[in-house]
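Here is the structure we will look at.
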Amino acid sequence: MTAPLLAAEGLTLRFGAIPALLDVAIDVAEGEVVAIVGESGSGKTTLLRVLSGMMTPDAGTVRWLGDDVHAMGEAARRRLMRTAWGFVHQNPRDGLRLAVSAGGNVGERLMAVGARHYGNIRAEALSWLAKVEIDGHRIDDLPRTFSGGMQQRLQIARTLVTRPRLVFMDEPTGGLDVSVQARLLDLIRSLSRELGLSVLIVTHDIAAARLLADRILVMRRGRVVEQGLTDRVLDDPQHPYTQLLVSSVLAA
Amino acid sequence: MSTMDGYNFAYLDEATKRMIRRAILKAVAIPGHQIPFGAREMPLPYGWGTGGIQVTASILGPADTLKVIDQGADDTTNAVSIRRFFTRVAGVETTARTGEASIIQTRHRIPEKPLREDQIIVYQVPQPEPLFMLEPRRAEAKRLHALADYGLMHVRLYEDIARLGHIAKAYDYPVMVNARYLMSPSPIPAFDNPKMHRMAALQLFGAGREKRIYAIPPHTEVHSLDFEDHPFRPIRAPHACALCRSTDTYLDEVITDDAGGRMFVCSDTDFCAERQARAAPQEAAE
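In structure tokens form, the structure reads like this:
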């Protein structure tokens, strides 16, 4: 097996007396989709923020291709964040510039890494809007005129435009209605397969995890209580909490 | 007019001048980087050139000749009052001729006549932060400067082209200094931007209210931001000056009556007068 892209071990972080992460270890390999599931407050989002370098853990290391993410300088981390990494926020308003047109939003990462040809930037933006099923003639519209699902798809286009190798997704389908969720999951799955993306996705939606993920980690109170291949964990849960989680999913 | 008693030479006390000179030296050492300084209360309101005046006061010597430009002209309120201020508190020579000045304090224009190495141009700056409209958090803007993370500024230019077909910024057009710092050239017209590139004179920028000083040393690279397929264009009114018939200077549009009458004249009054004076004897000879 090749070395993982992202490897973390011994991550511990406390907010005062509250342990948010306790000795968490996680690996993400090239092209792998890993889901982190668990109830609210179990530390899923905190883990994502620590792994992506947005928060510093009290103990433990996160390595990207062998380099310690928290030891590298801010300039290097930002460069990583806009080239090899992407971050899709739960709320698209956190990831988009609402006062900038859809095309400008998609083009921002390109311009940040040095693209200086307007025609090329615009062509790239158009092709990405098509990939996420947004009509090309809306390229100059502001994201605030878009529906929630469209905003989320625009955020995905904006993140993927620089062809990252690893994308962090924080409940990308949260707050969307079920049919829009299904289309968005479909889109994420096909794009990640097509581009060979590694995805680390936080969700509390077990169905979404089953659809997307190769591997699954179950978190509870800051600990990873169970992890393994998605089908194994969901079909044969070992930990009592995972059993509870799986059994509480409503069958459609 | 005689010099006033009771004031130090050029109004500011020596300790303040020393502090400002230190800021200027640091600014020259890091072209385009904004240096904070302790701006003093000046006997005129913010927005009237308090930053420029403090920079001028700190570099002024008794042997200097001062020229003050306001919107290209030497005889407008701001220019007249600042010139009179320095006549009273420093007793220095003042002039309206660009070629005769050793220090030129300016608001909104760079003289048409190329400046020399022995001259210094001081700009009055209302807002030194080029990212101000894009990133309202000062601390974050500082971080973007530190990391040379200027994609945001290009997003703004992209938006202009997407909506209007061209970059619409006609003044205070952002520049990259020495291929490192993004800098606001103060509200000069974009037409003047190319004059900053490798200018022989030292360029100093003072923002009084915002308490920042920055500088461009002589012969430094200054490039206006643009796209490869939408290159920077200096904009000027497509006319000839009604007084001196110049076709390559920046023009002001002057309304002459209330029946739609208007004329275009050079904004740089000194340059225009010089051209007229040179043309007059020739016309007389014809």
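Chains P and B, in that order, give the protein sequences.
Take any residue in the first sequence, note its place counting from 1, add 78, and you have its number in the numbering used here.
The letter at position 245 of the second sequence is residue 241 when you use the numbering used here, and the numbering goes up by one with no holes.
We treat Cβ as the ideally placed atom computed from N, Cα and C, and that holds for glycine.
Chain B contact residues for residue i, given Cβ-Cβ distances below 8 Å
i, result
"M189 of chain P", "G147, H150, V151 and Y154"
Residue(s) in a DSSP beta bridge with residue i
i, result
"L178 of chain B", "B:M172"
"A69 of chain B", "B:D66"
"I217 of chain P", "In the DSSP output, where bridge partners are listed per residue, I217 of chain P has none listed."
"M247 of chain P", "P:V166 and P:I279"
"C262 of chain B", "B:L247"
"T237 of chain P", "According to DSSP, which records beta bridges pairwise, T237 of chain P is partnered with nothing at all."
"A203 of chain B", "B:R208"
"M159 of chain P", "According to DSSP, M159 of chain P bridges with nothing at all."
"W44 of chain B", "Partner(s): none; W44 of chain B has no beta bridge."
"H215 of chain B", "Bridge partners of H215 of chain B: none, in fact."
"Q120 of chain B", "B:G202"
"M297 of chain P", "P:G116 and P:V302"
Residue i in three-state terms, based on DSSP
i, result
"T90 of chain P", "strand"
"D292 of chain P", "coil"
"V88 of chain B", "coil"
"T134 of chain P", "coil"
"A330 of chain P", "Bear in mind that the predicted position of A330 of chain P carries a pLDDT of just 45, short of 50, making it too unreliable to give a figure here."
"S220 of chain B", "strand"
"S276 of chain P", "strand"
"R208 of chain B", "strand"
"T308 of chain P", "helix"
"P190 of chain B", "helix"
"Q272 of chain B", "helix"
"P58 of chain B", "coil"
"Q115 of chain B", "coil"
"W206 of chain P", "helix"
"L198 of chain B", "strand"
"A164 of chain B", "coil"
"I106 of chain B", "coil"
"A238 of chain B", "coil"
"R141 of chain P", "strand"
"H141 of chain B", "helix"
"A98 of chain P", "strand"
"A6 of chain B", "coil"
"A107 of chain P", "coil"
Counted within 10 angstroms of its Cβ, other Cβ atoms place residue i as buried (16 or more) or exposed
i, result
"G34 of chain B", "exposed"
"G68 of chain B", "buried"
"A330 of chain P", "Bear in mind that the predicted position of A330 of chain P carries a pLDDT of just 45, short of 50, making it too unreliable to give a figure here."
"L322 of chain P", "exposed"
"L129 of chain P", "buried"
"A166 of chain B", "exposed"
"S268 of chain P", "exposed"
"D264 of chain B", "buried"
"S325 of chain P", "exposed"
"D266 of chain B", "buried"
"I251 of chain B", "exposed"
"G2 of chain B", "exposed"
"G28 of chain B", "buried"
"F93 of chain P", "exposed"
"G311 of chain P", "Checking the sequence shown, residue 311 of chain P turns out to be Val, not Gly. By the neighbour-count rule (16 or more Cβ atoms within 10 Å), V311 of chain P is buried."
"M0 of chain B", "exposed"
"K109 of chain B", "exposed"
Proximal chain P residues relative to residue i, where beta-carbon distance stays under 9 Å
i, result
"E224 of chain B", "R194, H195, Y196, G197 and N198"
Per-residue contacts from residue i into chain B (C-beta, under 9 Å)
i, result
"Q98 of chain P", "Note on identity: in this sequence residue 98 of chain P is Ala, with Gln being the wrong assignment. Here the premise fails: no neighbours, minimum Cβ distance about 25 Å."
"E186 of chain P", "G147, L148, H150, V151 and Y154"
Distance cut-off 7 Å: residue i Cβ against heavy atoms of the ligand GDP
i, result
"E110 of chain P", "The ligand GDP is not part of this structure, which contains no ligands at all."
Neighbouring residues, chain P, relative to residue i (Cβ below 8 Å)
i, result
"A158 of chain B", "S179, G181, G182, R200, I217 and D218"
Proximal chain B residues relative to residue i, where beta-carbon distance stays under 7 Å
i, result
"R156 of chain P", "L143 and D145"
"A153 of chain P", "L143"
Neighbour flag for residue i against chain C, beta carbons, 8 Å
i, result
"E108 of chain P", "Judged by its chain identifiers, the structure shown contains no chain C, and its protein chains are P and B."
Spell out a yes or no on whether the stretch 6 to 22 of chain B and the stretch 64 to 72 of chain B are touching, meaning 3 or more CB-CB pairs, one atom from each, closer than 8 Å. They do not touch, by the three-pair rule.
At least three beta-carbon pairs within less than 8 Å, the stretch 177 to 197 of chain B to the stretch 219 to 233 of chain B: With a cut-off of 8 Å, the stretch 219 to 233 of chain B and the stretch 177 to 197 of chain B count as touching, because enough Cβ pairs lie within range.
For the 8 Å Cβ check, are there 3 or more pairs between the stretch 89 to 104 of chain B and the stretch 170 to 179 of chain B? The stretch 89 to 104 of chain B vs the stretch 170 to 179 of chain B: no contact.
Should the stretch 151 to 160 of chain P be regarded as contacting the stretch 100 to 113 of chain P, the criterion being three or more beta carbon pairs within less than 8 Å? The stretch 151 to 160 of chain P is not in contact with the stretch 100 to 113 of chain P.
For the stretch 124 to 134 of chain B and the stretch 250 to 260 of chain B, state whether three or more C-beta atom pairs, one from each stretch, are separated by less than 8 Å. Touching, no.
Could you check whether the stretch 156 to 167 of chain P touches the stretch 229 to 240 of chain P, counting it as contact only if at least three pairs of C-beta atoms, one from each stretch, sit closer than 8 Å? Yes, the stretch 156 to 167 of chain P touches the stretch 229 to 240 of chain P.
Would you call the stretch 213 to 226 of chain P and the stretch 169 to 183 of chain P in contact, with 3 or more CB pairs under 8 Å? Taking a contact to require three or more Cβ pairs closer than 8 Å, the stretch 213 to 226 of chain P and the stretch 169 to 183 of chain P qualify as touching.
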